[in-house]
Amino acid sequence: MDKNTLLKKFGKNVKIERIKKDLTQEQLAEIMNVSQNYIANIERGKANMSLIKIYELSKYLNVKIEQLISFLDN
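Taking the working numbering, the leading residue of the sequence shown gets 61, the next gets one more, and so forth.
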């Protein structure tokens, strides 16, 4: 799997979990203390999150980190 595909699949997972929690990109950005543009770029597969940010995201969304980085069924 190439980098672009990986980032897009991760972004899709982030978007799915954000929507399940009924959060807008703006709300999630505020919770994480990042810009809405950053969240949008993550969800579009245009930006790469650090491991620390992925860990924080999993806590904010109350999901296991494995759900965010699972690429088997996407």
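Cβ coordinates follow ideal geometry from the N, Cα and C atoms, glycine included.
Values in this document were obtained by computation on a predicted structure and should not be read as measured data.
Of the listed residues the options, nearest to residue i (C-alpha basis)
i: Tyr115; options: Ala107, Ala100, Gln127; result: Gln127
i: Ile76; options: Tyr98, Asp62, Arg104; result: Arg104
Exposure label - residue i; buried when at least 16 CB within 10 Å
i: Phe70; result: buried
i: Leu111; result: exposed
Residue i versus residue j - alpha carbon distance
i: Phe131; j: Leu66; result: 8 Å
i: Gln96; j: Ile102; result: 10 Å
i: Val123; j: Met61; result: 24 Å
i: Lys106; j: Lys68; result: 8 Å
i: Thr84; j: Ile91; result: 11 Å
Near the ligand NAD: residue i beta-carbon under 6 Å from a heavy atom
i: Lys75; result: In the structure on display, the ligand NAD does not appear, and there are no ligands present to speak of.
Distance CB(residue i)-CB(residue j) smaller than 7 Å
i: Lys81; j: Leu121; result: yes
i: Ile99; j: Leu88; result: yes
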